[in-house]
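Enquirer: Mind looking over this structure? Questions follow.
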Amino acid sequence: MNIIAIDTITPALSVSAKGPKGTATIELEESGQHAQSIIQILDTAVSLAGFSAKETELVVCPSGPGSFTGLRLAWSAAKAIQLSAGCPMRVIQALDCYARPVLHFPGLVASVLDAKKNRFYARLYRQGSPCSEPLDISPETFSGYADPEEQILVAGPDSREFSDKLRDFSPLLSVQYVKTGHIGIARELLLIADSNQLQYTEYVTEDSGPLYVRKSDAENG
Numbered sequence: 001m002n003i004i005a006i007d008t009i010t011p012a013l014s015v016s017a018k019g020p021k022g023t024a025t026i027e028l029e030e031s032g033q034h035a036q037s038i039i040q041i042l043d044t045a046v047s048l049a050g051f052s053a054k055e056t057e058l059v060v061c062p063s064g065p066g067s068f069t070g071l072r073l074a075w076s077a078a079k080a081i082q083l084s085a086g087c088p089m090r091v092i093q094a095l096d097c098y099a100r101p102v103l104h105f106p107g108l109v110a111s112v113l114d115a116k117k118n119r120f121y122a123r124l125y126r127q128g129s130p131c132s133e134p135l136d137i138s139p140e141t142f143s144g145y146a147d148p149e150e151q152i153l154v155a156g157p158d159s160r161e162f163s164d165k166l167r168d169f170s171p172l173l174s175v176q177y178v179k180t181g182h183i184g185i186a187r188e189l190l191l192i193a194d195s196n197q198l199q200y201t202e203y204v205t206e207d208s209g210p211l212y213v214r215k216s217d218a219e220n221g
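If you want it as structure tokens, here you go:
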């Protein structure tokens, strides 16, 4: 199956494509020029994987949460491929992708992404499965979601920043961190979609839209 996965929700930009020639992943850390770079990167990735964008059989991008501009760009690019190729489009929560490499951890996994204003998007996992919906929380309030006796592993591109603040506010918690997704999650998106882990994916319909969790600054006035 020819698959394209696109991630533009953080300062990193990543595209992963799987086709007749194998899998090609291009990751640009802190590119800052997503709109200008994405078409060239998409063309390069699918060419290396051995197909064209019009031959795509499945396109995948994050459902959210993430930056408003980044989410809109990922969805727009994926929608354009969906319409051009006539293929299905699936979305996967970014926080699930950040957590995926460490779901074997025996304690509480907290997958986090900086949401600015001293808040973080977060989702919690125990025994390999989600145990919360996506949250918009501060490090000060996180302790209300954790058992004081359990080990906590924080994952995601902003895991270190969250862990440092969490230790300041809750010094008795046992907190470790591992940086995941800091150069994009296109590879994880593709792996999840290709392995048919349907519990993590959602088909996109005409009425579907990104998962923002929080209103934009414009909506908040």
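Counting along the sequence shown from 1, when you hit position 27 you're at 27 in full-length UniProt numbering, and nothing is skipped either side.
Glycine residues also receive a C-beta, built at the ideal position from the N, C-alpha and C atoms.
Note down the Cα distance separating A45 from S170, rounded to an integer number of angstroms.
Expert: Cα to Cα, A45 sits roughly 44 Å from S170.
Enquirer: Considering just the uninterrupted stretch of the alpha helix (DSSP H) at T44, what are its terminal residues?
Expert: H34 to A49
Enquirer: Short of 6 Å in beta carbon distance, which residues of its chain neighbour Q82, apart from the five on each side in sequence? Order them along the chain.
Expert: V59 and M89
Enquirer: Please report the residue range of the alpha helix (DSSP H) in which E188 lies.
Expert: E188 -> alpha helix (DSSP H) spans A186 to D194.
Enquirer: Shortest alpha-carbon distance to Y98 belongs to which of I3, T10, M1 and Y203?
Expert: Nearest C-alpha to Y98 among I3, T10, M1 and Y203: T10.
Enquirer: Just the C-alpha distance for I92 and T201, rounded to the nearest angstrom, thanks.
Expert: Here the alpha carbons of T201 and I92 stand approximately 5 Å from one another.
Enquirer: Given T8, which residues of its chain have a CB within under 7 Å of its CB, disregarding the five upstream and five downstream residues?
Expert: H34, I38, G70, L73 and A74
Enquirer: For E219 and Y212, what's the separation of their Cα atoms in angstroms?
Expert: With a pLDDT of 45 at E219, under the threshold of 50, the modelled position of that residue is not reliable, and the figure given next carries that caveat. Looking at the two C-alpha atoms, the distance is approximately 12 Å.
Enquirer: Distance check for V204 and K116, CA to CA, integer angstroms please.
Expert: 28 Å
Enquirer: In angstroms, rounded to a whole number, what distance separates the CA positions of G107 and V15?
Expert: One Cα belongs to G107, the other to V15, and the distance between them is close to 32 Å.
Enquirer: Find the nearest neighbour of L103 within the set D194, L124 and D114, judged by alpha-carbon distance.
Expert: L124
Enquirer: Which first and last residues belong to the alpha helix (DSSP H) in which C97 is found?
Expert: A94 to A99 is the span of the alpha helix (DSSP H), which, as asked, contains C97.
Enquirer: Take the Cβ of C131 as the centre, count every other Cβ of all protein chains shown within 10 Å, and call the residue buried at 16 or more, exposed below.
Expert: Classification of C131: exposed, given that the 10 Å Cβ count is below 16.
Enquirer: Assign F105 to one of three DSSP states: helix, strand, or coil.
Expert: Shown here, F105 sits in coil according to DSSP, grouped into three states, outside any helix or strand.
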